[in-house]
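Undergrad:
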Amino acid sequence: MANPSFIIVAIDGGAASGKSSSSRTLSERFHLLHADTGSYYRALTAELLRGGVTPTDLPGVKAALSAVSFTTRVTGRSAEIELSGHTIPDAEIRSAEVTAHVAPFAAIPEVRAALLDYQRGQADTARKNNFRGLVMEGRDIGSKIFPDADFRFFLFADPVERARRREQQGLQDQVAKRDTLDSQRLQESLQGAVLIDSTHLTLAQVVETLAAPIAARLAA
Ligand code: CDP
Numbered sequence: 002m003a004n005p006s007f008i009i010v011a012i013d014g015g016a017a018s019g020k021s022s023s024s025r026t027l028s029e030r031f032h033l034l035h036a037d038t039g040s041y042y043r044a045l046t047a048e049l050l051r052g053g054v055t056p057t058d059l060p061g062v063k064a065a066l067s068a069v070s071f072t073t074r075v076t077g078r079s080a081e082i083e084l085s086g087h088t089i090p091d092a093e094i095r096s097a098e099v100t101a102h103v104a105p106f107a108a109i110p111e112v113r114a115a116l117l118d119y120q121r122g123q124a125d126t127a128r129k130n131n132f133r134g135l136v137m138e139g140r141d142i143g144s145k146i147f148p149d150a151d152f153r154f155f156l157f158a159d160p161v162e163r164a165r166r167r168e169q170q171g172l173q174d175q176v177a178k179r180d181t182l183d184s185q186r187l188q189e190s191l192q193g194a195v196l197i198d199s200t201h202l203t204l205a206q207v208v209e210t211l212a213a214p215i216a217a218r219l220a221a
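Numbering-wise, the numbering used here comes out as the position in the sequence shown, counting from 1, plus 1.
(1) In whole angstroms, give me the CA-to-CA distance for F155 and S40.
(2) Would you please state the rounded distance, in angstroms, between the beta carbons of G134 and F31? I believe it to be under 8 Å.
(3) Can you grab the Cα-Cα spacing for the pair P110 / E98, in whole Å?
(4) Indicate, with yes or no, if the ligand CDP has a heavy atom lying under 6 Å from the CB of T38.
(5) Comparing alpha-carbon positions, which option in A114, V207, G143, H102 lies nearest Q192?
(6) Between which two residues does the alpha helix (DSSP H) holding V103 run?
(7) For R179 versus A104, is the C-beta distance shorter than 7 Å?
(8) Is L172 helix, strand or coil when you go by DSSP?
(9) Would you grab the beta carbon distance between A150 and A11 for me? Rounded to a whole angstrom, and I think it's under 8 Å.
(10) Please go through the region 66-90 and give each complete beta strand (DSSP E) segment of 3 or more residues, from N-terminal end onward.
(11) Among the candidates I8, F7, S23, I9, whose CA atom is the shortest distance from the CA of F157?
(12) Can you determine whether any heavy atom of the ligand CDP sits closer than 6 Å to the C-beta of D141, and answer yes or no?
(13) Among L211, E209, V69, T210, which one has its Cα closest to the Cα of R51?
(14) Specify the secondary structure class of T210 as computed by DSSP and reduced to three states.
(15) Compute the minimum distance between the beta carbon of V1 and the heavy atoms of the ligand CDP, and state whether it is under 6 Å.
Rendered as structure tokens:
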């Protein structure tokens with residue numbers, strides 16, 4: 002029988018807005034499967050780049066997409082993507098090259114379509130693995146992937162603060178440039194979501210804001 006208390010939490014927001022750290026913390030607190038869809042777009046980008054495909058080469062992108070299969074490896078509470086049976090090392094998906102190419106690839110409708118059902122299928126993966134729900138983070142989770150999610154949050158922060166966070170992590174990133182490429186999706190996922198400005202909040206404060214309504218629902 003389907004678990005009636007199974008919950009889906011959608012967290013959208015721009016680059017370095019605090020989505021990953023807060024989603025991971027929520028997944029631990031409430032025993033939710035965590036799906037970082039940015040890592041899915043990054044892994045696919047790495048795979049396309051490995052094959053010598055560029056974002057302007059649409060026939061090459063389509064051919065590569067039709068040859069790749071997507072499966073999931075659940076590691077701890079994390080739903081990691083496997084491309085044709087293999088995972089891509091974290092160092093590669095966070096590399097400056099992948100970071101520079103991911104938004105242009107993610108803007109291609111065929112790329113988004115290729116990951117759509119896969120992302121929706123993570124709810125079943127969570128159920129099969131006895132999680133209490135799913136927390137999925139990205140850019141279009143509350144708008145396209147799970148518009149009926151139980152909770153829809155949108156995190157944002159001042160661009161200067163976001164650039165500082167990336168620098169502190171020792172990562173090269175042009176957060177403002179990626180946000181421009183992602184802007185339409187960001188606008189759509191903002192509609193109807195609970196907005197949280199994380200500029201002056203600590204991670205613990207962001208998590209408390211997100212966790213309060215979830216805890217209330219699960220206690221009801
Ligand atoms: O680096 P950050 O955590 O902010 O970004 P990410 O979540 O790793 O996502 C990397 C890129 O993937 C974004 O800049 C988007 O272009 C794309 N993306 C997307 O288009 N849709 C999603 N649901 C998630 C990511």
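Ideal Cβ placement from N, Cα and C applies to all residues, glycine included.
What you are looking at is a predicted structure, and each value in this text was computed from that prediction instead of being measured.
TA: A quick look at the data gives this:
(1) Taking the CA atoms as reference points, F155 sits about 18 Å from S40.
(2) The Cβ separation is near 7 Å, so the contact holds.
(3) If I take the Cα positions, the gap works out to 21 Å.
(4) Relative to the ligand CDP, the beta carbon of T38 is positioned inside 6 Å of a heavy atom.
(5) That would be G143, whose Cα lies nearest to the Cα of Q192.
(6) It spans 97-107 - the alpha helix (DSSP H) in which V103 sits, taken as one unbroken run.
(7) Note that the C-beta distance between R179 and A104 is below 7 Å.
(8) DSSP places L172 in coil when its eight states are reduced to three.
(9) About 4 Å; that satisfies the 8 Å criterion.
(10) Counting only runs that start and end inside the region 66-90, the beta strand (DSSP E) elements of at least 3 residues fall at 71-76, 79-84.
(11) The residue with the shortest Cα to Cα distance from F157 is S23.
(12) Yes, Cβ of D141 sits closer than 6 Å to a heavy atom of the ligand CDP.
(13) Taking only the C-alpha atoms, the option nearest R51 is V69.
(14) In the structure shown, T210 sits in a helix (DSSP, three-state: H, G or I).
(15) Outside the shown range of the chain, which is 2 to 221, sits residue 1, and nothing can be said about it.
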